[in-house]
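Here is the structure we will look at.
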Amino acid sequence: MIEPTATTVPGRHGELAVQTWSGRAPGWIALIAHGHGEHSGRYQWVAEQLVAARAVVCAPDHVGHGHSPGERVLIEDAEDFVADLESVREHITKEYPDLPVVVIGHSLGGMLAVRYAQHYQPYMAALVLSAPVLGTWHVLDLLGCDDIPHTPIDPSSLSRDPRVGHEYAEDPLVWHGPFKRTTLLAVDSCLRAINSGPALRVPTLWLHGEDDELVPEADTRTGINQIRGTEFHEHIYPGARHELFLETNAEGVLNDVVTFVGRELNT
Numbered sequence: 038m039i040e041p042t043a044t045t046v047p048g049r050h051g052e053l054a055v056q057t058w059s060g061r062a063p064g065w066i067a068l069i070a071h072g073h074g075e076h077s078g079r080y081q082w083v084a085e086q087l088v089a090a091r092a093v094v095c096a097p098d099h100v101g102h103g104h105s106p107g108e109r110v111l112i113e114d115a116e117d118f119v120a121d122l123e124s125v126r127e128h129i130t131k132e133y134p135d136l137p138v139v140v141i142g143h144s145l146g147g148m149l150a151v152r153y154a155q156h157y158q159p160y161m162a163a164l165v166l167s168a169p170v171l172g173t174w175h176v177l178d179l180l181g182c183d184d185i186p187h188t189p190i191d192p193s194s195l196s197r198d199p200r201v202g203h204e205y206a207e208d209p210l211v212w213h214g215p216f217k218r219t220t221l222l223a224v225d226s227c228l229r230a231i232n233s234g235p236a237l238r239v240p241t242l243w244l245h246g247e248d249d250e251l252v253p254e255a256d257t258r259t260g261i262n263q264i265r266g267t268e269f270h271e272h273i274y275p276g277a278r279h280e281l282f283l284e285t286n287a288e289g290v291l292n293d294v295v296t297f298v299g300r301e302l303n304t
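This note's numbering applies: residue 38 is where the sequence shown begins, and numbers increase by one.
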């Protein structure tokens with residue numbers, strides 16, 4: 038096991054908790070944006086695979102998530118979270134100034150990664166999206182309710198590996214409460230901004246599970262079609278659920294990521 042280094046980076050609304058994994062002779066930086074309600078610690082195995090592929094892996098806990106301060110899972114403006122990712126990129130590239138940066142976003146972190154790319158494409162070498170929230174998202178239908186109901190995630194919807202759901206349910210750093218109206222409004226606003234924003238010029242890899250119930254592939258595709266650039270690749274995995282990096286075929290998924298990155302960086 039590779040032990041991460043923990044540090045803090047100033048963000049828009051307080052110090053961000055950041056974990057970094059590294060090995061010998063790194064050749065690139067993987068900046069990970071995690072999903073709603075989770076935290077960077079859930080990416081330990083992913084980080085180890087990427088370090089084996091010569092990455093320095095840097096993963097912040099978004100404000101209100103994991104070990105970062107702030108009201109839990111509250112997003113007032115997604116642009117603040119995007120700015121925080123840039124602060125983390127600036128932090129890690131001071132230590133590794135000559136390494137190209139690949140941004141990897143999962144779920145709601147995929148939405149943030151796309152918005153980040155629309156703002157900061159010159160600083161990126163590539164973009165990887167795992168089950169990103171783009172286009173339309175059924176969860177936003179909750180905004181039609183007078184009171185946002187508590188609709189807990191079914192742990193079995195995360196992965197075909199039952200251990201993943203069990204660990205998620207028992208993780209004290211994971212948010213198990215309801216969505217917040219302010220957060221959903223911020224997500225809706227961000228999706229609208231993405232749809233009207235520039236196309237992706239950076240090489241992009243989109244990964245999605247065919248049986249993803251939390252972020253259905255068909256809904257994401259409506260957003261992808263709005264912004265996809267000329268260098269765009271996708272893998273839709275039959276039978277796979279939402280957390281592709283923790284799925285029963287996770288090794289194959291990570292191999293697809295590493296192959297894509299290696300091709301784009303010529304490593």
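Glycine included, C-beta positions come from ideal geometry on N, C-alpha and C.
For residue i, three-class secondary structure by DSSP
| i | result |
| --- | --- |
| Y153 | helix |
| Y133 | coil |
| E113 | coil |
| E271 | strand |
| T44 | strand |
| L291 | helix |
| V165 | strand |
| L171 | coil |
| V245 | Looking at the sequence shown, residue 245 is not Val but His. Residue state, collapsed to three classes: strand. |
| H50 | coil |
| H128 | helix |
| H203 | helix |
| G146 | helix |
| T259 | helix |
| V211 | coil |
| I231 | helix |
| I39 | coil |
| I264 | helix |
| T188 | coil |
| A67 | strand |
Assigned exposure category for residue i - 16 Cβ within 10 Å defines buried
| i | result |
| --- | --- |
| C227 | buried |
| Y121 | Looking at the sequence itself, residue 121 is Asp, so the reference to Tyr does not match. Looking at its Cβ environment, which holds 16 or more other Cβ atoms inside 10 Å, D121 is buried. |
| L171 | buried |
| E284 | buried |
| S196 | buried |
| D183 | exposed |
| I39 | exposed |
| I273 | exposed |
| S233 | exposed |
| L242 | buried |
| P209 | exposed |
| L180 | exposed |
| H73 | buried |
| H71 | buried |
| D178 | exposed |
| E127 | exposed |
| P186 | exposed |
| E301 | buried |
| D191 | exposed |
| E207 | exposed |
| E268 | exposed |
| A150 | buried |
| P41 | buried |
Residue i: CB within 8 Å of a non-hydrogen atom of the ligand MN
| i | result |
| --- | --- |
| H203 | Ligands in the displayed structure: none, and consequently the ligand MN is not present. |
Top-ranked residue by Cα proximity to residue i, from the options
| i | options | result |
| --- | --- | --- |
| P215 | L242, E250, V176, R238 | V176 |
| S167 | G142, A150, P186 | G142 |
| Y80 | W58, A223, R91 | W58 |
| F297 | P192, E288, H270, F282 | H270 |
| N262 | E207, N286, A236 | A236 |
| A62 | L136, E75, V55 | L136 |
| I66 | W82, R91, H76 | R91 |
| D114 | R152, S105, I129, Q86 | R152 |
| V100 | T259, G64, I264, T45 | T45 |
| N303 | A43, G64, T42, P47 | G64 |
| T15 | E123, V138, P169, V294 | Past the edges of the chain, shown from 38 to 304, lies residue 15, and the structure says nothing about it. |
| R229 | G60, D98, Q155 | Q155 |
| W82 | L222, V201, T267, D225 | V201 |
| E116 | V295, Y160, V224, Q158 | V224 |
Task: Contact the region 50 to 58 vs the region 141 to 151: 3+ CB pairs below 8 Å - done: no
Open item on the list: Pairs of beta-carbons, one from the region 275 to 282 and one from the region 244 to 255, closer than 8 Å: are there three or more?
Closed with: yes
Open item on the list: Threshold first: 4 residues or longer. Then list the alpha helix (DSSP H) segments lying entirely within the region 69 to 122, N to C.
Closed with: 81 to 89
Open item on the list: With three or more beta-carbon pairs closer than 8 Å as the criterion, would you say the region 101 to 116 touches the region 216 to 224?
Closed with: yes
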